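Quick note: the sequence shown uses my numbering, first residue 5, plus one each step.
All C-beta atoms in this analysis are idealised placements derived from N, C-alpha and C, irrespective of residue type, glycine included.
The structure displayed is predicted, hence computed values, not measured ones.
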Amino acid sequence: TIELTITEPKYDSILHVFHDQNLDTFLIATLKMDGVTYDSIGIQYKGNITYMLQTWFSNPKYSFNIDMDWVKPNQTLLGYKKVKLNNNCTDPTFVREVVSAKIHQFYLPTYRCNYVKVYLNGNYMGLYTNQEAVNKQFLDRTYKTNDGPFFKGNPNSSQAKCNPLFDWNSDPNLVWYVADSCWYYDNYEIKSDYGWKPLVRMIDTLNNYPSKIKDVLNVDRALWYFAVSNVLPNLDTYNNKYIHNYFIYQQRDKLFHMIPWDLNETFGSLYDTLGNVYNWDPLKSFLPKLADRPLVFQLLNDSSYFKQYFAHIRTIINEVYDSTYLHPIIDSLQNFIYNAVETDPYHEFTMNEFLNNVHNPIVSNKYWPAVNYCGLLDMVNRRKEFLLAYPEIAKVPPVITNTKRNIAQPVNTDMVWVTTTVTNANVVDLMFTTNKYGSFFQPIKMYDDGLHHDSLASDGIYGVMIPCNDVGAKVQYYIKAQNNNAMKFDPQRAEYVTYSYIIGINYSVKLIDSETKDLLLFPNPTTRDVTIKYKDDSEINSEIAVFDMLGNKILSLMPENEKEIHIQLQGLSSGVYNVKIGNSFITKVVLIK
5 TIELTITEPK YDSILHVFHD QNLDTFLIAT LKMDGVTYDS IGIQYKGNIT YMLQTWFSNP
65 KYSFNIDMDW VKPNQTLLGY KKVKLNNNCT DPTFVREVVS AKIHQFYLPT YRCNYVKVYL
125 NGNYMGLYTN QEAVNKQFLD RTYKTNDGPF FKGNPNSSQA KCNPLFDWNS DPNLVWYVAD
185 SCWYYDNYEI KSDYGWKPLV RMIDTLNNYP SKIKDVLNVD RALWYFAVSN VLPNLDTYNN
245 KYIHNYFIYQ QRDKLFHMIP WDLNETFGSL YDTLGNVYNW DPLKSFLPKL ADRPLVFQLL
305 NDSSYFKQYF AHIRTIINEV YDSTYLHPII DSLQNFIYNA VETDPYHEFT MNEFLNNVHN
365 PIVSNKYWPA VNYCGLLDMV NRRKEFLLAY PEIAKVPPVI TNTKRNIAQP VNTDMVWVTT
425 TVTNANVVDL MFTTNKYGSF FQPIKMYDDG LHHDSLASDG IYGVMIPCND VGAKVQYYIK
485 AQNNNAMKFD PQRAEYVTYS YIIGINYSVK LIDSETKDLL LFPNPTTRDV TIKYKDDSEI
545 NSEIAVFDML GNKILSLMPE NEKEIHIQLQ GLSSGVYNVK IGNSFITKVV LIK
């Protein structure tokens, strides 16, 4: 529960002016949550259609944009500087955004959501969805950096136009105009301190040098973005009906990443007829080619990316796009929020519609004479049936199983072999990278010839050695298999989810000053430990301890009736160590990296 207090008596009219004139300013307010009061916060109305509908029909439940440190630097709410509260006026079920965001999170960085009951000046305004702001804090959490060029794909009419005579299209459609960055000011909202030059370079490459797009765009993230948007579907985004509601961020690897935003109208809400939404074409904006969707056309015009896109669609259908998977999630959410919705004084839908729209489409005349809201589960069932029959999706991809490597925790002297079992493929590649940003994966052909740790020739087991032994490097890899018609990945969520390991350091161990004739101590260079045993195979029941040269005990084992003891030394620094069994020191160990 959040309690907001605004002392300005004319706050409503002032907030409308701020919103309608696109002013980057806030009213001062106070926020209280969990008994803690935060004063001097900034507050605005926010939203597009969710703002207009409330204005047209005199509903005071507006969405809020809250800036916790508008006045007080570094003031946060549970660590968050921004709070985005969405009024849910276009969703009878109240769960579209939360469920959709969770699905997106499986496949690419996406904002998080929860629910908040909001009071304003003591009056209950209803239940809101709290959207994590896609800002520098979000970038820190998801990308571990926040200092790159960062844009919101939303028209920004407040910027000055370069050429007033130009017939401006303010959509953030990534269409190329000229090299002068100010020609793009009207289309995108910059969120970073710099970045117009890299953005224009990316747009130029996309439109004029498409074969090099992989050098300026994280293509896999864009394909996942398109795949999730289309399967759900979300029509209110770049690759579907309306070109906006995305962010684009250039990571330090110089690749731009697409980030989803504003998912409250997914699963068929508000924007089209039921039949059109059920049967929304996965190749919409590609065939026929639409001039204002160059990113869709240029990516899907590449045969490899085309197959990759449909591989991602199959993964989403197989993993999450199923009513038996989604039904309990939706029911759990609705049970949790039921009382807050029932007492919401400004909820435009009945509680029967709140529940019924989960299963069945409803037609509402709250805003227009007839607006269709697809039933969530009805949508999933009907759309899944359409998608599975779609020719490209129905093509049979390879099957990948039993992917493994020969060494779980490799060190720099190891040869790491990866094997996998694949059927129905004519090309199998291991894609790998040591790039710390998880990009620029390189293909290595895998072989089924009996010469690459792959067992027998032509037995369906493929193998290859990963060509990297740099100490400390993080190796990320996945399997890409394809035939003439379709592609498959393992893990299926690659490149967002991969196999990985960090290359350790090989240690050599030498023994000196052995003081016992009854015990055997010998190093095992394969596992980088020391084995202790009695010569006559007697059982060991005394404590075995390892001390550094200052006498500090750093390792201790208490064996019970064991004939062999293994002391792990891999994590220790180079040096000389004393090994003690019972009350007697028995040897010194020299550990060398």
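- Task: State the DSSP-derived secondary structure class of D16, mapped to helix, strand or coil.
- Result: Looking up residue 16 in the sequence shown gives position 12. Three-state result, D16: helix.
- Message: Give me, in chain order, the residues of the same chain whose beta-carbon lies closer than 6 Å to that of P237; leave out the 5 immediate sequence neighbours on both sides.
- Response: One-based indexing of the sequence shown puts residue 237 at position 233. Excluding positions up to five away in sequence, the list reads W284.
- Item | CB of I470 within 8 Å of CB of V422, strictly | Position 466 of the sequence shown, counting from 1, holds the residue named residue 470. Position 418 of the sequence shown, counting from 1, holds the residue named residue 422. For the 8 Å CB-CB criterion, I470 and V422 form a contact.
- Within 10 angstroms of its Cβ, does Y198 collect 16 or more other Cβ (buried), or is it exposed? Here the question's residue 198 lines up with position 194 in the sequence shown. Exposed: under 16 other Cβ atoms inside 10 Å.
- Query: The beta strand (DSSP E) with M129 in it runs from where to where?
  - Reply: For the purposes of this step, residue 129 is taken as residue 125 along the sequence shown, with counting starting at 1. Start and end: N127 to Q135.
- Message: What I want to know is whether the C-beta of E357 ends up closer than 7 Å to one or more non-hydrogen atoms of the ligand MN.
- Response: Ligands displayed in this structure: none; no statement on the ligand MN is therefore possible.
- Grab me the residues of F340's own chain with a C-beta within less than 8 Å of its C-beta, minus the 5 sequence neighbours each way, in chain order. Looking up residue 340 in the sequence shown gives position 336. Cβ neighbours of F340 beyond the five flanking positions: Y119.
- Query: Leaving out the 5 sequence neighbours to the left and right, which residues in its chain are closer than 8 Å to P214 when beta-carbon positions are compared?
  - Reply: Mapped onto the sequence shown, residue 214 falls at position 210. Around P214: Q302, N305 and D306.
- Opposing strand residues paired with H261 [DSSP bridges]: Within the sequence shown, numbered from 1, the residue matching residue 261 stands at position 257. Within the DSSP bridge table, the entry for H261 names Y253 as partners.
- Could you spell out the range, first to last residue, of the beta strand (DSSP E) harbouring P447? For the purposes of this step, residue 447 is identified with residue 443 of the sequence shown, where counting begins at 1. P447 -> beta strand (DSSP E) spans Q446 to K449.
- Which residues in the same chain have their Cβ closer than 8 Å to the Cβ of N617, if we skip the five residues on either side of it in sequence? Only positions 5 to 597 of the chain appear in this structure, which leaves residue 617 out of reach.
- Query: From this set, N158, G157 and M206, which residue's C-alpha is nearest Y181's C-alpha?
  - Reply: Mapped onto the sequence shown, residue 181 falls at position 177. With distances taken between Cα atoms, Y181 lies closest to M206.
- For P202 and S185, the rounded distance between their alpha carbons: Against the sequence shown, residue 185 aligns to sequence position 181. Against the sequence shown, residue 202 aligns to sequence position 198. Approximately 10 Å, taken between the alpha carbons.
- Message: Short of 8 Å in beta carbon distance, which residues of its chain neighbour S289, apart from the five on each side in sequence? Order them along the chain.
- Response: Within the sequence shown, the letter at position 285 stands for residue 289. Hits under 8 Å: N243, N244, R297, V300 and F301.
- Item | Identity of the residue in I321, V403 and E323 nearest M491 by Cα | Here residue 491 refers to the residue found at position 487 when the sequence shown is read from its first residue. It is V403 whose Cα lies nearest to the Cα of M491.
- Beta carbon of I448, beta carbon of D474: below 8 Å? Along the sequence shown, one-based indexing puts residue 448 at 444. Along the sequence shown, one-based indexing puts residue 474 at 470. The answer is no: Cβ separation not under 8 Å.
- Query: Looking at C-beta atoms only, is the number of pairs between the stretch 384-403 and the stretch 425-442 that lie closer than 8 Å three or more?
  - Reply: Touching, yes, given that three or more Cβ pairs across the two stretches are closer than 8 Å.
- DSSP state of R297, grouped into three classes? The residue labelled residue 297 in the question sits at position 293 within the sequence shown. Of the three classes helix, strand and coil, the one that applies to R297 here is coil, per DSSP.
- Message: Short of 8 Å in beta carbon distance, which residues of its chain neighbour N322, apart from the five on each side in sequence? Order them along the chain.
- Response: Sequence index remark: in the sequence shown, residue 322 carries index 318 (1-based). Answer for N322: Q496, listed in chain order.
- Message: Which residues does DSSP list as the beta-bridge partners of L380?
- Response: Counting from one through the sequence shown, the residue named residue 380 turns up at place 376. DSSP, once it has assigned bridges, lists no residue as partnering L380.
- Message: Less than 8 Å between C-beta atoms, sequence neighbours within five positions excluded: which residues of the same chain meet that for M63?
- Response: As a first step, residue 63 is located in the sequence shown; it is residue number 59 there, counting from the start. Note on identity: in this sequence residue 63 is Asn, with Met being the wrong assignment. Once the five neighbours on either side are set aside, the close Cβ partners of N63 are L57, C93, Y350 and E352.
- Query: Smallest Cα separation from T424: which of V415, T437, N410 and D418?
  - Reply: Within the sequence shown, the letter at position 420 stands for residue 424. The shortest C-alpha separation from T424 is found at N410.
- Message: Can you look up W200 in the DSSP assignment and give me helix, strand or coil?
- Response: For the purposes of this step, residue 200 is taken as the residue at position 196 of the sequence shown. Helix at W200.
- Item | is_contact[L278, chain D] using C-beta, thresh 8 Å | Chain labels in this structure do not include chain D; a single protein chain is all it has.
- Look up A549 in the DSSP assignment and give the residues it is bridged to. Walking along the sequence shown from the start, residue 549 turns up at place 545. A549 is bridged to S560 and K584.
- Item | 6 Å Cβ shell around D73 - same chain, five flanking residues per side excluded | Residue numbering aside, residue 73 sits at position 69 when the sequence shown is read from its first letter. Q79 and K85.
- Message: Here's the rule: buried if 16 or more other CB atoms are within 10 angstroms of the residue's CB, otherwise exposed. What is N361?
- Response: Indexing the sequence shown from 1 puts residue 361 at position 357. Result: buried.
- Quickly, what does DSSP pair W421 with across the bridge? List them, please. Position 417 of the sequence shown, counted from the first residue, corresponds to residue 421. For W421, which the question treats as bridged, DSSP gives the partners M469.
- Message: Give me the DSSP bridge partner(s) of I36.
- Response: Counted from its first residue, the sequence shown places residue 36 at position 32. Ile is not the amino acid found at residue 36; the sequence shown has Lys there. Partner(s): E7 and T41.
- Message: Is the beta carbon of I334 closer than 8 Å to that of V99?
- Response: As a working note, residue 99 is residue 95 in the sequence shown. As a working note, residue 334 is residue 330 in the sequence shown. Taking 8 Å as the Cβ cut-off, V99 and I334 qualify as a contacting pair.
- Query: Which residues bound the alpha helix (DSSP H) around A231?
  - Reply: Numbered from 1 along the sequence shown, position 227 holds the residue referred to as residue 231. Where A231 is concerned, the enclosing alpha helix (DSSP H) stretches over V223 to V235.
- List the endpoints of the continuous beta strand (DSSP E) containing A485. Translated into positions along the sequence shown, residue 485 becomes position 481. K478 to Q486 is the extent of the beta strand (DSSP E) around A485.
- Could you spell out the range, first to last residue, of the alpha helix (DSSP H) harbouring Y309? Mapped onto the sequence shown, residue 309 falls at position 305. That run of the alpha helix (DSSP H) goes S307 to E323.
- Query: Are the Cβ atoms of V75 and N134 separated by less than 8 Å?
  - Reply: For the purposes of this step, residue 75 is taken as the residue at position 71 of the sequence shown. For the purposes of this step, residue 134 is taken as the residue at position 130 of the sequence shown. No; because the gap between Cβ atoms is not below 8 Å, this pair is not in contact.
- Query: Can you tell which of T114, I320 and Y128 has its C-alpha closest to the C-alpha of T146?
  - Reply: By 1-based counting over the sequence shown, the position of residue 146 is 142. Restricting attention to T114, I320 and Y128, the CA atom closest to the CA of T146 is found in T114.
- Query: When the Cα atoms are used, what is the spatial distance from L392 to Y309?
  - Reply: Translated into the one-based positions of the sequence shown, residue 392 becomes position 388. Translated into the one-based positions of the sequence shown, residue 309 becomes position 305. Roughly 20 Å separates the two Cα atoms.
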